[in-house]
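Colleague: Sending over a structure as C-alpha cells; questions will come in a sec.
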Amino acid sequence: MSAEKPQVTSRIGQISLESIKEDEKVLQHSEPAPNLRLSLAQAVTVLRKSLLSLAFFSIILNVLALATPIYLFQISDRVLTSRSIDTLVMLTIIIIGALALHAVLDILRRLYILRVAMKIETTLANPVISAAARAANLGSPQELQVVNDLATIRNFMTSPVLLILMDAPVTPIFFITVFMIHPNLGWIIIGFAFVTGVLALWNQRATRIHFSEAQSAGGRASLYLDSISRNAQVVGAMGMTAEASRIWGNETATALSRLVRAQDSNILITGISKFLRMTVQIALLGWGALLALDGEITGGMMIAASMIAGRALAPVDGAIEGWKSYVQATSAYGRIARLLKSSPLNLARLKLPDPNGNLSVNRILYAPPPNKKVLLNGITFELGAGKALGVIGPSGAGKTTLARLLIGSITPNAGETRLSGTELRHWDPSQFGEVVGYLPQEVQLFPVSIKANIARLKMNATDDEIFAAAEFAGVHDVIANMPQGYETMLSQDGSPLSGGQKQRVALARAFFGKPRFVVLDEPNSNLDSDGEVALAKTIKKAQAAGITTITITQRQTLLRHVDEIIVLDAGKMIKFGLRDKILTEVYGTAVANAIIGRQKLDNTENNQPLTKVTKNE
Ligand SMILES: Nc1ncnc2c1ncn2[C@@H]1O[C@H](COP(=O)(O)OP(=O)(O)O)[C@@H](O)[C@H]1O
Ligand SMILES: [Mg+2]
C-alpha cells in the first residue's frame, strides 16, 4: 500500500491547478475551430484514467472503512475478555491512524475529481461551442442547448453521487467479509442486497422517461425564455407579456410535473431501501445473537457483521438516490458525443491559397425539408473577381435564401457553388470565414462593444484593423459620435445603436479583415441618405480593392454601382446580365438612364423603392 501512494500523488499532480489555469487561457482565446473528435477522445481518456485512479482510491478507502468494525470486534472479543489495557491502547492508536489515512485519502480524491471535472469541461468547451454554433448555423439552434450539458456533466462529477457509485464495485469485499464471519449472515445480506437491487432497477425504469421528458421540456422553456428576453421590447409594447409567459409557463409546468413524478418514485424507493438497510442490520444482529448463543460466533463478530452490512448496502442506496443525476449526465454525454462526432467541422480540409474572389454558381437547386418546397431552382451564373453584382426581385423571391447558399450557411440539394474554383464545403471553415463577409437582412449584433462586433469578436484584432473596417464602411464618424466611441457596449437588442446604425456597423463587420467575397442582404433597408452614400462608396471601394460583392436590394440607387444584375422571381433566375441591359429590360430606357446617368453620389433624389419609381414611369 505504501508503495502505491507516490503514484496517487503523481496522478493528482498531472491535473494540477497550473494546467487548469492554462486551460482557462485556451477558453478565453479565440482559437480556430478545434479538432472535435480528438478533443472528445482526449476527454474520454482523461475520464477513463481518472476513473481508474478513483477506483484505486475507493478500494483503499473501503478497506480502511473496515477499521471501526474490526476495532469493535477486537474490543469485545479480546480486550474485554483479556482485560489487557496495552492491547486496547495499541488497537486505538492503529485504528485512529487508519481513520486519519481514510480522511486524507477522501480529501485527496475529492480534490482530484474536482480537477478532473474542470479538465474535462475545458477540453470540451471550445469544441462543443464551435460545433453547436455550426449546427445552429445549419438550422438546428436547439444544439446550442448542448453547451448546458457540459455543466450537467461537471455537476455530476463533483457531486457525492459519483463517489458513491465508485464504491459499488468494492462492495463484494464486504459481502465476503460477512460470509467469512458466518455463511448464514452472508446469505441474509445477499438476500437483502438482491431485494434492494431489484427496487433500484424498478426505480430506474419507472423514472427514466419522466426525467428525460422533464429535461427536454426544461430545455424548450429556457430556449423560449431566451427569445422573450431578446424581444423584450416587442413583448412589452404590444402587451404580449401574459401570453409569452403562459407559453413559458406551460413548458416549465410540464418539466416540473415530470420531475415531481420521477422524484415521487425516487423518494418512495429511497425510503424503502433505507428501511431495508436498517432492517438488515437488525436481522444480522438477531440471527448473529442466535448463532452466538449456539457458540458458532462471538458477540464481537455479530456486531462487526452488522456494521459491515450497513456499509455494504450503502452504494445500492446511493445508486437509487443518484440515479437522476447519473441519467442526466450520461444523456448529456451522449448528446455531446453525438454533436462532436457528427459535426461537419470534423472534415479535415486542405488549407488552400486565399481565393481571388472568383465566384461560379452552377445549377443550384434548394428544396429544404420538411415539405421540400423548391425555394431556388436552376441558378447559374459566374462572377469575376472584384465584380459587383446586384440581386433584385420581389419579396419572397428567394434572395435571402440565395445569399445564405452563397456564403455556405445552407447547402443546396443539387448544384454547386465554387469560390476560386473550389466548392464551398471543401474550404477550411475558418479560412473561408476569414475571406467571406456577410451582412444579413436582419442584423443582430452581440452584446459586447462596437469594437468587438466589428472585429467579429476576435480577441487578437488590432485597433488598426478595426479602424480600417470602419473607415471602409464609412461608419467611423457615426461610431465616433457614440458616448464611448468604439468602446460603447451594446445591449442585446443592439441599443444604443439605431436600426440604420446597426446596419452600418454590421457593414463594417462584413468588410473586417481581408474579405475577398462579401454578400450584403438589403444593406440599405434602414439607411438614411448619409448611410446610402456611405454604402455606395463602400461598394465602389470594394470594386477597386478587387473584392467581389453581391448586393441584394429593393432600391434602385445602389444598382448604379454594380456591374451585373440578377433578377430573381419565385426562386428562378429570370434575368442575368450586364447592368445597363438588365435595367433597360426591367425599367425601360428612361428610368435606366436616370439610374445610370446620375453618377453624383450625394444626389439621392431617386432613392425610392422600386415600385414607386416604376409607377411614375
Ligand atoms: N427555412 C425555410 N424553410 C422553408 N421555406 C423557407 C425557408 N426560408 C425561407 N423560406 C421561403 O423561401 C422563400 C424565399 O424567402 P427569402 O429568400 O427570404 O426571400 P427574399 O429574401 O427574396 O424576400 C419564401 O417564400 C420563404 O417563405
Ligand atoms: Mg430577403
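For our numbering, count along the sequence shown from 1 and bump the result up by 53. Ideal Cβ positions, reconstructed from N, Cα and C, are used throughout, including at glycine. The structure presented is a predicted model; accordingly, all values stated were derived computationally and were not measured.
(1) Counting Cβ pairs closer than 8 Å, one from the region 380-395 and one from the region 461-477, do we hit at least three?
(2) Our contact map puts residue 207 next to residue 174 with C-beta atoms below 8 Å; I'd like the distance itself, whole angstroms only.
(3) Which residues mark the beginning and the end of the beta strand (DSSP E) in which residue 210 is found?
(4) What does the alpha-carbon distance come out to for the pair residue 145 and residue 363?
(5) With distances taken from each beta carbon to the nearest heavy atom of ligand 1, which residues come in below 5 Å, in chain order?
(6) To the nearest angstrom, how far is it from the Cα of residue 353 to the Cα of residue 336?
(7) With a 10 Å radius around its C-beta and 16 neighbouring C-beta atoms as the bar for buried, classify residue 440 as buried or exposed.
(8) Is the region 609-623 close to the region 573-593, with three or more CB pairs under 8 Å?
(9) What is the rounded straight-line gap between the Cα of residue 236 and the Cα of residue 318?
(10) Give the C-beta separation of residue 470 and residue 502 to the nearest angstrom, bearing in mind that I take them to be a contact with Cβ-Cβ under 8 Å.
(11) Please say whether residue 543 and residue 372 have beta carbons closer to each other than 8 Å?
(12) Under the rule that 16 or more other beta-carbon atoms within 10 Å means buried, what is residue 499, buried or exposed?
(13) With distances taken between CB atoms, is the gap from residue 444 to residue 627 smaller than 8 Å?
(14) Roughly how many angstroms lie between the CA atoms of residue 566 and residue 92, to the nearest whole one?
(15) Please return the same chain residues whose Cβ sits closer than 7 Å to the Cβ of residue 637, not counting the five positions on each side in sequence.
(16) Measure the CB-CB distance between residue 563 and residue 491 and report whether it falls below 8 Å.
(17) Specify the secondary structure class of residue 234 as computed by DSSP and reduced to three states.
(18) Can you give me the start and stop residues for the beta strand (DSSP E) that residue 430 sits inside?
(19) Assuming contact is defined by CB atoms lying nearer than 8 Å, are residue 412 and residue 432 in contact in what I supplied?
(20) Put residue 606 into one of helix, strand or coil per three-state DSSP.
(21) Taking the alpha-carbon positions, what's the residue 241 to residue 359 distance?
(22) Would you kindly report the start and end of the unbroken alpha helix (DSSP H) that includes residue 583?
(23) Run through the DSSP bridge pairs and tell me what residue 113 is partnered with.
(24) Roughly how many angstroms separate the alpha carbons of residue 216 and residue 100, rounded to a whole number?
(25) Evaluate the contact criterion for the region 522-532 versus the region 554-562: three or more CB pairs, one atom per stretch, below 8 Å.
(26) Who are the Cβ neighbours of residue 377 in its own chain at under 8 Å, not counting the five residues just before and after it?
(27) According to DSSP, what are the bridge partners of residue 326?
(28) Can you tell which of 254, 277, 436 and 163 has the C-alpha that lies nearest to the C-alpha of residue 375?
(29) Output needed for residue 415: all residues of its chain with C-beta closer than 8 Å, excluding positions within five of it in sequence on either side, in chain order.
Modeller: The structure says:
(1) no
(2) 5 Å
(3) No beta strand (DSSP E) contains residue 210, which is instead part of the alpha helix (DSSP H) from 199-211.
(4) 22 Å
(5) 421, 428, 448, 449, 450, 451, 452, 453 and 454
(6) 16 Å
(7) buried
(8) yes
(9) 34 Å
(10) That belief does not hold up - the Cβ atoms of residue 470 and residue 502 are roughly 34 Å apart, past 8 Å.
(11) no
(12) exposed
(13) no
(14) 29 Å
(15) 645
(16) yes
(17) helix
(18) 429-436
(19) no
(20) coil
(21) 11 Å
(22) 582-597
(23) In DSSP, residue 113 forms no bridge with anything.
(24) 14 Å
(25) yes
(26) 260, 264, 315, 316 and 319
(27) DSSP, once it has assigned bridges, lists no residue as partnering residue 326.
(28) 254
(29) 433, 468, 469, 470 and 471
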